[in-house]
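Chemist: Positions -21 to -1, 1 to 654 (mature numbering (1 follows the signal peptide of the UniProt record, and there is no 0)) are the ones given, in order, by the sequence shown.
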Amino acid sequence: MKKLLLLIVMIPLVLMMSACDEEEPHDPLETFYGYMDAFEEMDFERMYALLDSKSRAAITEEEYIATYKNIYESIPVTDATMSSRMETFDMERKILAEDSTRIPMDVTLTRGEEDLKYSLDVLVVKETDENENDNYRISFDRKLIYPNYGAGDVIETTEVPPLRGEIFDRSGKPLAQNGEVYWVGMVPGRLGAQKEEAIEALVESFGLTEEYIRKRLGLSWVKEDTFVDMVKVSMEDKSVVDQLTSRFAGIIYRVIKDRVYPYKDAAAHLTGYLGLVNAEEYEELEPLGFPIDTRVGRSGLELLYEEELRGQMGTEVRLLDRDGNVKEVLSFFQNNKGRDLYLTIDIEKQMALFDEMKTEMGTASVVNYKTGEVEALVSAPSYDPNAFILGQTQEDYNRLLNDPKKPLLNRFTKLYVPGSTIKPLTAAIAMENGKLDMEKEISINGTKWQADESWGNYYVTRVTDPGMPVDIEKAFIYSDNIFFAQMAMETGEEIFLEGMRKFGVGEDTQLGFGFETSQISNDGALSSEVLLADSGYGQGQVLFHALTLPKAYTAISDDGAMKQLKLFMDEALPVQEAVIGEEVADQVLDFMKMSIESPQGTGHEAYLSGRSLAGKTGTSEIGPTADKSEIGWFSVIDLDDMNPYITTMMIEDVKGRGGSAVAVNKVREFIEDYE
C-alpha cells in the first residue's frame, strides 16, 4: 500500500520535471522584429547580440559598433527606419520552412532634410544550440550598414577647397552654376604630319591666332606627351569638339568644372560675371584657403554678394575602396559651399522680355503687384558672361568696352527721365488731397501754354490739340502735358513732394542691387513754378530707375496698397503701405484703362481683345535743347487675377521712330505670350 501511494505521488512530479526540461520553441519573428527595433533606435550593441555565430566570428562587437557609428556619424544619419515588404504570416511561414531565408526589406536613412531610401534582403538563419534547440539569428552583411559599403572599404574625412554658391531663379533653374566646360588642347607627339592642318582647324573653330597656338606649343615645360591647353569652350560646342578630336589625333579635350551662365546675355546684368583675383585681393583670400587662380565677382550679383557666394574651406566624408579609390561622397551637404541665392526672377519671363528688346538700348521689368516680387529685370543690349570664364581676347573685350550701345552698362540701376508715365501719380496725389476738381475742363488753343509772362519764353507743350475742352479723362487719353502741369501747380509744392515721397520717389531702393536713388529734383525742392509744372508731367529734374514706376503703380493696381519690392525668395513677405485711398486708386486705374481702350489713347496699340489692361505711355526729352534725343516708356498693368503683373519698358533713342510707340509695341508682344 505504501509503495502504491509513493508511485501515485512520484508520477506527477516526474511529469512536472519533464515539462520543465522542455523549452518554449524560439519565435523566429521575435529575433527579426527585435533587430528592426534595435536598428531604428540605432542600438548597435543589441543588434550585434542578434547576429548568428558565423557573423560574430567574422566581426567583433567593438568593430561592428565602431563601423556603424563611423558611417552614421560621418554622414550624419539622424533617423533610421526598416520595414518588411512581406506580410507577417507569410514571413513566419517562410522562415520556419527553411534553414535560411531572405526577407525583402526597405530601409530609410534620414540625413538632415534628405532621405536616402534603398532596398535589400535580410538573411535570417536557423541555428541549433548545444541542447538541439532551434534559434533564429540575423546574418551580417555590410550592406546592412550602408548600401555601397563593401569589405576593405574605409571612411575618410578630407579637407576640400571653397566651392562657390550658385544663383537660381524662382523655380530653381540655375542662372549661375558650377557646371562643366571643355578644355581643348593639343598633345604635340600625336600631331605628326597633321600639325599645320590641326593648328589651322583650331584657328578657324575658336578664333584663336596661329601665333598664340605656336607660342603655347613652344613653352619650356611642353614635352611630346604633354597636354597643352589652348581654349575653354562651352558644352554647347560638343559637335565642334567631337569633329576636331575625331579628325586630329593630336587634338584632345578634358571636361573640367567651371562657372557657367546657362542663360547668357538674357540674365547677364543680374548675375554679372567672375574675373581672376588681383594681387591685393589674393592677399586676403590666400589665408582662407583659396587657390591663386580663384575668380571673384566683377559685376552684378557675383560682385554684390561676393562674400556670401565664395564659400570657405570645408570637409568631405568619402567612402574609399581598398585601393583608395573614391566610391561615394557620404556627406550629403557641402560645408565648403557658399550661400545659394534664389531670386524671385522667372527666367522664362526674363528671356521673353529680353528677346523683345535685345537689339535696343534700354531696360524693362515685370513686377507682381500682389506680392511685390520682381519677376524680370532686363538691361539691353547685353553680353555673354560665359566669355569672361572661357576666355576672350583683348580685342573682344575692347570691342565690348568701346561699343557705342554700351552692352556692359547695367541700365536697370540707372536713372532716366520718366516723362508722362508719372501722370497717374500726379493725378493720384491731387485727388487724394482734394486738389482736383473732377468736373474741371481746360480750353486752350494750340499746343503750348504758360502761366503768365513771368515765364518769359518758356512754354509747356503738348503733342496734340484735341480741338475741344479737356477734362481729366481726356487728359489721360491724349496724355495732355498742359493739364497735368496745371494740376501739379494747383496741388502745390509741399503736397506734391510729400505725395511723391509716399510713392517711393527719393527712397533708397537697393533690393540688394545698388540702384541709383530716384528724385523729383536735384535739391529735393521745387522752388520755381516752372519746375513744379514740368515735374507734374515727368520732365524738369525728375529721374526714375527701372523699378521706381512699377513700385508706385502697385498702389494704383491694388486698392492703394503699395508693396515693398523683393528680389530674393527667402526674404520675408513684403511690407505694404496704404499710400492712397481705394477709391482714388480705382479712379486712376480707370483713367489708365482708357489710355489703352480708347482709339485715341496713346497706349491703344497695346489693346488686346478680351484682356483687361491699364497703362501709361511716356516720351521724355533729354540732352541739349538744339539736339534733344527721346526716351520711350510704356508701363502696363494686367488686371487679370491670374497674371497680376506690371510690365514696364524704357527704350532709348526713339526720336523719329514713333516715340513711346516703340515700347508699346514691344510690351504688347511680350504680354500676349507671358501666360
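For each residue, glycine too, the CB sits at the ideal point set by N, CA and C.
Is SER514 helix, strand or coil when you go by DSSP?
Modeler: DSSP places SER514 in helix when its eight states are reduced to three.
Chemist: Rounded to whole angstroms, how far is the Cβ of ARG238 from the Cβ of ARG274, which I believe are closer than 8 Å?
Modeler: So it is a contact: roughly 7 Å between Cβ atoms.
Chemist: Less than 6 Å between C-beta atoms, sequence neighbours within five positions excluded: which residues of the same chain meet that for PRO360?
Modeler: Closer than 6 Å at the Cβ level, and outside the excluded window around PRO360, lie LYS384 and PRO386.
Chemist: Could you check what DSSP says for GLU2 in three-state terms: helix, strand or coil?
Modeler: Bear in mind that a pLDDT of 48 at GLU2, under 50, signals an unreliable position, so the number given afterwards is only what the model happens to contain. Correct three-state label for GLU2: coil.
Chemist: What are the complete alpha helix (DSSP H) segments, minimum 4 residues, inside the segment 296 to 384?
Modeler: Correct list: 326 to 336, 365 to 369 and 373 to 381.
Chemist: Rounded to a whole number of angstroms, what is the C-alpha to C-alpha distance between ALA564 and LEU255?
Modeler: So the two alpha carbons sit approximately 51 Å from each other.
Chemist: For ARG233, report the span of its beta strand (DSSP E) as first-last.
Modeler: Per DSSP, ARG233 belongs to the beta strand (DSSP E) from 230 to 239.
Chemist: Quick check on DSSP: helix, strand or coil for GLU418?
Modeler: Three-state result, GLU418: coil.
Chemist: If I follow the unbroken beta strand (DSSP E) through PRO126, where does it start and stop?
Modeler: Here PRO126 belongs to no beta strand (DSSP E), and DSSP marks it neither H nor E.
Chemist: Here's the rule I'm using: 16 or more other beta-carbon atoms within 10 Å means buried, otherwise exposed. How should ILE369 be labelled?
Modeler: It is Leu, not Ile, that sits at residue 369 in the sequence shown. Label assigned to LEU369: buried.
Chemist: With a threshold of 16 other CB atoms inside 10 Å of the CB of THR39, please say whether the residue is buried or exposed.
Modeler: Answer is exposed; the Cβ neighbour count stays below 16.
Chemist: From the DSSP secondary-structure annotation, give me the bridge partner or partners of TYR115.
Modeler: Per DSSP, LYS105.
Chemist: What do you reckon, are the CB atoms on MET468 and ALA512 nearer than 8 Å?
Modeler: Against a cut-off of 8 Å, the Cβ pair of ALA512 and MET468 comes out as a contact.
Chemist: If the criterion is Cβ atoms closer than 8 Å, does the pair THR338 and VAL357 meet it?
Modeler: Not closer than 8 Å, so no.
Chemist: Where does GLY186 fall in DSSP's three states?
Modeler: Looking at GLY186 - three-state DSSP - the assignment turns out to be coil, as it is neither helix nor strand.
Chemist: Any idea what DSSP makes of TYR43, helix, strand or coil?
Modeler: Helix at TYR43.
Chemist: With a threshold of 7 Å (Cβ to nearest heavy atom), would TYR240 be considered close to the ligand ATP?
Modeler: Absence of the ligand ATP is noted for the structure shown, with no ligands found whatsoever.
Chemist: For GLU1, I'd like the list of residues in its chain whose CB is within less than 8 Å of its CB, leaving aside the five on either flank, ordered along the chain.
Modeler: Unreliable positioning characterises GLU1 in this predicted model, as indicated by a pLDDT of 48, which lies under 50. The coordinate reading is nonetheless provided below. Answer for GLU1: no residue qualifies.
Chemist: Please report the straight-line C-alpha distance between LEU(-9) and ASP100, rounded to a whole angstrom.
Modeler: Bear in mind that a pLDDT of 45 at LEU(-9), under 50, signals an unreliable position, so the number given afterwards is only what the model happens to contain. If you take the alpha carbons of LEU(-9) and ASP100, they lie about 48 Å apart.
Chemist: What does DSSP give as the partner residues of PHE523 in its beta bridges?
Modeler: According to DSSP, PHE523 bridges with TYR395.
Chemist: Just the C-alpha distance for THR87 and LYS96, rounded to the nearest angstrom, thanks.
Modeler: Distance between the alpha carbons of THR87 and LYS96 is about 4 Å.
Chemist: Can you list, in chain order, the stretches of the beta strand (DSSP E) that have 3 or more residues and sit fully within the segment 127 to 177?
Modeler: Entirely contained in the segment 127 to 177, the beta strand (DSSP E) runs reaching 3 residues are, in chain order, 133 to 139 and 153 to 165.
Chemist: Looking at the secondary structure, which residues open and close the alpha helix (DSSP H) in which SER574 lies?
Modeler: Element bounds for SER574: 561 to 576.
Chemist: Nearest CA to the CA of GLU160: which residue from GLY515, ILE423 and TYR232?
Modeler: Residue identity check: residue 160 is Val in the sequence provided, not Glu. The candidate whose alpha carbon is nearest that of VAL160 is TYR232.
Chemist: Quick one: Cα of PHE649 to Cα of GLY186, how far?
Modeler: Straight-line Cα distance between these residues: approximately 36 Å.
Chemist: Return the chain-ordered list of same chain residues with a C-beta closer than 7 Å to the C-beta of ARG318, the five sequence neighbours on each side being excluded.
Modeler: Once the five neighbours on either side are set aside, the close Cβ partners of ARG318 are GLY144, GLU287 and LEU288.
Chemist: Output the distance between the C-alpha atoms of TYR125 and ILE50, rounded to the nearest integer angstrom.
Modeler: Spanning the two alpha carbons is a distance of roughly 8 Å.
Chemist: So is THR581 buried or exposed if we call it buried at 16+ other beta carbons inside 10 Å?
Modeler: Buried, by the Cβ-count rule.
Chemist: I'd like to know whether the C-beta atoms of MET410 and GLY483 end up nearer to each other than 8 Å.
Modeler: It is not a contact, given that the beta carbons lie outside the stated cut-off.
Chemist: Does the Cβ of ASP78 have 16 or more other Cβ atoms within 10 Å, making it buried, or fewer, making it exposed?
Modeler: Exposed: under 16 other Cβ atoms inside 10 Å.
Chemist: Could you please give the first and the last residue of the uninterrupted beta strand (DSSP E) stretch that includes PRO83?
Modeler: 79 to 90 is the extent of the beta strand (DSSP E) around PRO83.
Chemist: Since residue 706 and ILE610 should fall inside the 8 Å C-beta cutoff, what is the C-beta to C-beta distance between them, to a whole number of angstroms?
Modeler: The chain is shown only over -21 to 654; residue 706 falls outside these bounds and no answer can be derived.
Chemist: Per the contact definition of three or more C-beta pairs closer than 8 Å, is the segment 276 to 286 in contact with the segment 488 to 499?
Modeler: The segment 488 to 499, when compared against the segment 276 to 286, does touch it at the 8 Å Cβ threshold.
Chemist: Using 8 Å as the threshold, is the C-beta distance between ILE535 and ALA407 below it?
Modeler: It is a contact, given that the beta carbons lie within the stated cut-off.
Chemist: Does the count of Cβ pairs from the segment 389 to 408 and the segment 416 to 430 closer than 8 Å reach three?
Modeler: Touching, no, given that fewer than three Cβ pairs across the two stretches are closer than 8 Å.
Chemist: Looking only at C-alpha atoms, which of MET340, ASP58 and GLY229 sits nearest to GLU93?
Modeler: Nearest of MET340, ASP58 and GLY229 to GLU93, Cα basis: ASP58.
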